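Written below as structure tokens is the structure these notes are about.
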Amino acid sequence: MKAITRNHEFWLAIVVMSMILATALRSPGFASPEKLAVIFNDSSMLIILALGQMVVILTRSIDLSMASNLALSGMIVALVNAAYPEIPVPALMLLATLCGLCLGAFNGALIWWIGIPSIVVTLGTLTIYRGSIFLIAGGKWVNADRFSEDFVQYTRIEFLGLPALSWYALAIVIGFFVLMTRTTLGRSIYAVGVNPNAALYAGINIGRTQFVAFCFSGALSGFCGYLWVSRYVIGSVEVAKGYELTIVAACVIGGISIAGGVGTVAGAVFGALFLGVMSNALPVIGVSPFWQMAISGAAIILAVIINASSQKKSRRLILRLDQDAS
Amino acid sequence: MSEPLLRLSKITKTFPGVRALHAVDLELYPGEVTALIGENGAGKSTLVKAMTGIYQPDDGEIFFAGRKVTMPTPHAAFQLGITAIHQETVLFDELTVAENIFLGHSPKGRFNLIDWPKMNANARLLLDDIGASHIAADIRLKDVSIANKHLVAVARALSVEADVVIMDEPTAALSHKEIEDLFSLVEKLKSDGKAILFISHKFDEIYRLADRYTVFRDGEMVGNGVLADTQQSQIVEMMVGRSVEQVFPSRAVEIGPPVLNVKGFSHPTEFADIEFDLHKGEVLGFYGLVGAGRSEVMQALFGMTPSTSGTITSNGQVISPKSPADAIKAGIVYLPEERGKQGVILDLPIFQNISLPSLSQTSRNGFLRMAQEFELARNYASRLDLRAASLSQHAGTLSGGNQQKVVIAKWLAIQPNIIILDEPTKGIDIGSKAAVHTFMGELVEQGLSVIMVSSEIPEILGMSDRVVVMREGRLAEVFDNDKSLTAEALIRCAAGIGEQAA
Amino acid sequence: MTDTTTQPRQIADRLTSPLHDAVYSWPTLLLFVAVGLFVLNTFASPYFLSPWALSDATFNFTEKAIIAFAMALLIISGEIDLSVAAIIALSSTMMGLALQFGVDTPTLVLIGSLTGVACGAFNGLLVTGLGLPSIVVTIGTMSFFRGISFMILGDKAFNGYPPSFAYFGQGYVWWVISFEFVLFVIVALAYYVVLHRTNFGRHVFAIGNNPVAAQFSGVRVARVKFLLFCLVGLMSGIAAVLLTSRLGSTRPSIAQGWELEVITMVVLGGVAILGGSGTIQGVFVAAFVMGLISFGLGLLNVPGIVMSIFIGGLLIIVIALPILANKVRESRA
């Protein structure tokens, strides 16, 4: 019991549910299954991206290039679809994911082989990737009428009342849960973040683990590139501009420590849902959408403060005050 | 007489400014315990790291079961069957006890996924095996005490089928009973035919457990043999070199009135009811086991630790240092144990390291005056016989002993009344050690008062006027260091052995 | 570095003269890059060498550089502030708000600057008071500060700043020498003195290299860092005055993305992103380099978004080169 109440994810889930219930008091339809499905669908991409960012942050790094990566990969599949509508959409999904993977691997390689701090590398590639969209598209947009029917439908087809987009997110959440809790790679990612020195002693290659983390964040960004373009039916330089910080915000709210090693899949999911519920709830309770930025900013600050106070380094215990917890 | 299972030949390892190992040999035999003996800084831990793939030797060869091997990574050492309990606990606070034990070789179930129930069960068995049945396997390591963390480290080392087990000061943080459990474990490993390298400072442990010994001094192997044929005094002579008795400077200083009085000094978790006086011209030794809370008390005196209570009186005035800056103003300075992390700023030039706390003296209206800074640095560097090519070179390019001199110079430059030295000669060469000791003598002759925290008994006995012994965050006893004070008495007091027997 | 034993040692103050060190330094190398870019620009466009074209070119970087000098100190101390552009937005909004009450120009400037200081102090308090990592804190305040601007302005804008207010961003001190440029030079000199010639500057370096050892040496680490956050806030407030004056209006989206350009300028100037080293001279030259690149590419009609590829690439290359050079040197040794 004590373990649960100490748990950040538990409290965050409570907060998210209270937000839904409080909004429902104002507008009863808000807690209906249909509306909840809409909210989840709206949050799906943020959930996927937050998982990618989580893996990176766990290894004491940060990926600020995710949104640019998403936009570039999205533009590439948009152009391919516009030019060759006969290519099946699953192949395009794979293409987007591979594009993202390569861009992520480029980040990871600079960090691993040259040893540049991740914040600098991804700050640089943030502008490089986005600038490249302009170059490959010649400054033009890809508009709704140029996409094939399948391309647009592959995020929308409903199954058991949920659109495909939501199912992709669910599948990735489950996949990451298994990855992070049940595989050697997942546990190595935690180990590197908790104590790099000890990880070295345990035979874990820190640079390679960080590289792999950036491959994950890159591949997920790329996959979301397709999802984004398909969902909003537009490919442009402006896609997801500034979204990199929303992704970091979801992680921070989800209790993922920027110092590395602390954070869970559930935390990332609820962090993203928090932002998703908020953006859906504000118009319902009559708050101007212009307030959203300030509120999410305040939420980030609050989350950091709460995380820091709960993760305070346990004081060195020398005096025999009581027996060890066992 | 069997063949050695692991043989190291002419291993050499250098770091910038330090020759850590120079052409050392070592042989480990199956079913035998070999003790590796040497002072702090003799190169023991470096050797352990070279044997476990963490460091790559610059030169030399390693033979395992007669076959030449290399260990490019810790994993390679692991696969050969070499496992180590390292001196520092290299574990993961945020992971569970079981995972700390099995990270990297967790039991796998279907689809090659980690089998948590099995991992917890295996961890349980291992912990029970080493007499640590009181540690739960599924709690996070950060909720485990320091002593228990060491037991987890032992369990981790034994979680693999290893033929060579290295133990680097495994008893340093353990209680009497835990040490006994560990010893029976070593006996068991021995009877299983493992080759064991046992590193310890404590001769009683060595004589009880080990079959062979190898002595290191200043990164070189100076002797080895069978322990049963060797007197303790011979080994000590090898360790120290030249003469058995370390020479400490004699001094004739008039002990003056108290300059510092500490009463009821307490902290919620680290120490309680600390009371002592420090007199003018006195060297007050602080002895205790590692983790007894000595450094914590000193850092609190130096203003590093908030939430302390009690009264500190310095030269008749009650002071309550809230930060090191406050303590320095009151004339109290602290030479930290972790020189590289807390003492010198490695990437700043020597002169800037020395002048850092004295900038208000060398500057005018807050503006730097380089000439004055250099003069100050030059003055103290030559007093301490600092060996450096220039005062503008980074402190990180100096050897450990010379770095320590930079830290001492930094503190002398502010002309303090009280200087607290925390393990002042840890990990520095014999020559620098002697220089530091001589210098301490000079300091008290000039009317300073010195508090010296040390874990080296010869240093404590050789330098202190009185000795305070701490145990588990409390003051155990204060001894006058007359001829009757013995190393034995200090150790018993620090470990609380006398009380348990009673 | 060999120990020369026996004779009583007189340790030299330096082995190389300060002049020698200055010549073989990052700012000097960067200066060559700047000169090269200057020459390239003169080839690229015949109009480049006209005094007015050169004067116009400076507006590309002066406002960002004014923040970059303070940011350099903050980054050297081991912290970072990603909220500077948001502080500009909030300061500008506060000035616009005050304008609605008909305040005069000096008061406008004061409000802009003080809003900046208040934002900086807020960041500083969260980082030093509560011990939070500055990168997340300022990602949060970045949304928070600009969010307040959006709350106040929505999709509207403040216009109608008094004519006397226009001087800061549009006025000229003498001939083609703009007020902004003069301020940029003065600020550069001031920060040079603070960082390289005062005790405070020395404390900044000590903290950046090793905050623990600095604390153990009696440096008041938290106080210094707090002051640095306030300084960055102040400079952002001043930049807000200049930018608002130049544009003549306030929108909540003002100065979007500037935080990354400011940090790029600092890093390009040779400041170590992880703290501990850097010079104001380097940042000064880096400001010109970035200004010349964007102006030159502008003359070639290269769109802004493509320019950002150059800036991003430059950032990575500039950091990678010394590391790679070090690796090559080590592998040879």
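Protein chains in written order, with this note's numbering: chain A, 1 to 326; chain B, 327 to 828; chain C, 829 to 1161. Even for Gly, the Cβ is constructed at its ideal location relative to N, Cα and C. For clarity, every value in this text was computed on a predicted model and none was experimentally measured.
If the criterion is Cβ atoms closer than 9 Å, does the pair residue i and residue j meet it?
i, j, result
"L610/B", "S790/B", "yes"
"A308/A", "T23/A", "no"
"L508/B", "G1029/C", "no"
"L918/C", "S992/C", "no"
"P163/A", "I172/A", "no"
"S61/A", "I128/A", "no"
"Q283/B", "A488/B", "Only positions 327 to 828 of chain B appear in this structure, which leaves residue 283/B out of reach."
"G255/A", "G263/A", "yes"
"G225/A", "L94/A", "no"
"G948/C", "S1064/C", "yes"
"F151/A", "V237/A", "no"
"M377/B", "V562/B", "no"
"K606/B", "P583/B", "yes"
Using a Cβ-Cβ distance cut-off of 9 Å, determine whether residue i contacts chain C.
i, result
"I363/B", "no"
"M75/A", "no"
"L12/A", "no"
"E571/B", "Legend: pLDDT at E571/B = 49, less than 50; position of this residue unreliable, no value from coordinates given."
"Q729/B", "no"
"L123/A", "yes"
"M66/A", "no"
"S132/A", "yes"
Is the CB of residue i under 9 Å away from at least one CB in chain A?
i, result
"N446/B", "no"
"S1159/C", "no"
"D909/C", "no"
"T969/C", "yes"
"H664/B", "Strictly speaking, residue 664/B in this sequence is Glu, with His absent from that position. For E664/B, the answer is no, since every Cβ of chain A falls outside 9 Å of its Cβ."
"A827/B", "Caution applies to A827/B, whose pLDDT of 40 falls short of 50 and renders its modelled position unreliable; the value that the coordinates give is listed next. False, the Cβ-Cβ gap to chain A never drops below 9 Å."
"S1064/C", "no"
Label residue i either buried or exposed according to how many other C-beta atoms from any shown protein chain fall within 10 Å of its C-beta, with 16 as the threshold for buried.
i, result
"N143/A", "exposed"
"Q678/B", "buried"
"F503/B", "According to the sequence provided, residue 503/B is Lys. The question's Phe does not apply to it. So K503/B ends up on the exposed side."
"P1150/C", "exposed"
"W854/C", "buried"
"H8/A", "buried"
"S911/C", "buried"
"N728/B", "buried"
"W1002/C", "exposed"
"G193/A", "buried"
Looking at the C-beta of residue i, does it have a partner C-beta in chain B at a distance below 9 Å?
i, result
"G267/A", "no"
"V56/A", "no"
"A78/A", "no"
"V330/A", "Because chain A is modelled from 1 through 326, residue 330/A falls outside the range shown and cannot be assessed."
"T329/A", "The structure shown has nothing for residue 329/A, since chain A only spans 1 to 326."
State whether the stretch 790-799 of chain B contacts the stretch 816-823 of chain B, with contact taken as three or more CB pairs (one from each stretch) at a distance under 8 Å.
-> yes
Could you run through the stretch 193-208 of chain A and flag, in chain order, every residue whose CB is less than 9 Å away from some CB of chain B?
-> G193, V194, N195, N197, A198, A199, L200, Y201, A202, G203, I204, N205
Of the residues that make up the stretch 420-442 of chain B, which ones have a beta carbon closer than 7 Å to any beta carbon in chain C?
-> none
Evaluate contact between the stretch 1054-1068 of chain C and the stretch 891-907 of chain C, counting only Cβ atoms and requiring at least three cross-stretch pairs below 8 Å.
-> yes
Between the stretch 883-903 of chain C and chain B, which residues of the former have CB atoms less than 7 Å from a CB of the latter, in chain order?
-> none
Are three or more beta carbon pairs between the stretch 927-939 of chain C and the stretch 1088-1106 of chain C nearer than 8 Å?
-> no
State whether the stretch 99-116 of chain A contacts the stretch 217-231 of chain A, with contact taken as three or more CB pairs (one from each stretch) at a distance under 8 Å.
-> yes
Any 3 or more C-beta pairs closer than 8 Å across the stretch 730-743 of chain B and the stretch 702-716 of chain B | yes
What residues in the stretch 85-112 of chain A bring their beta carbon closer than 7 Å to a beta carbon of chain B?
-> none
Pull out every residue of the stretch 1042-1057 of chain C whose Cβ sits closer than 8 Å to any Cβ of chain B, in chain order.
-> A1042, Q1043, F1044, S1045, G1046, V1047, R1048
Within 8 Å of chain C by C-beta, residues of the stretch 250-263 of chain A in sequence order = V252, I258, A259
At a Cβ cut of 7 Å, what residues of the stretch 403-419 of chain B count as close to chain A, listed as they run along the chain?
-> F404, H412, V416, L417, F418, D419
The stretch 915-932 of chain C in contact with the stretch 1117-1137 of chain C per 3-pair CB rule at 8 Å = no
Please list the residues of the stretch 685-696 of chain B that have a C-beta atom closer than 8 Å to any C-beta atom in chain C, keeping them in chain order.
-> L685, S686, S689, G692, F693, L694
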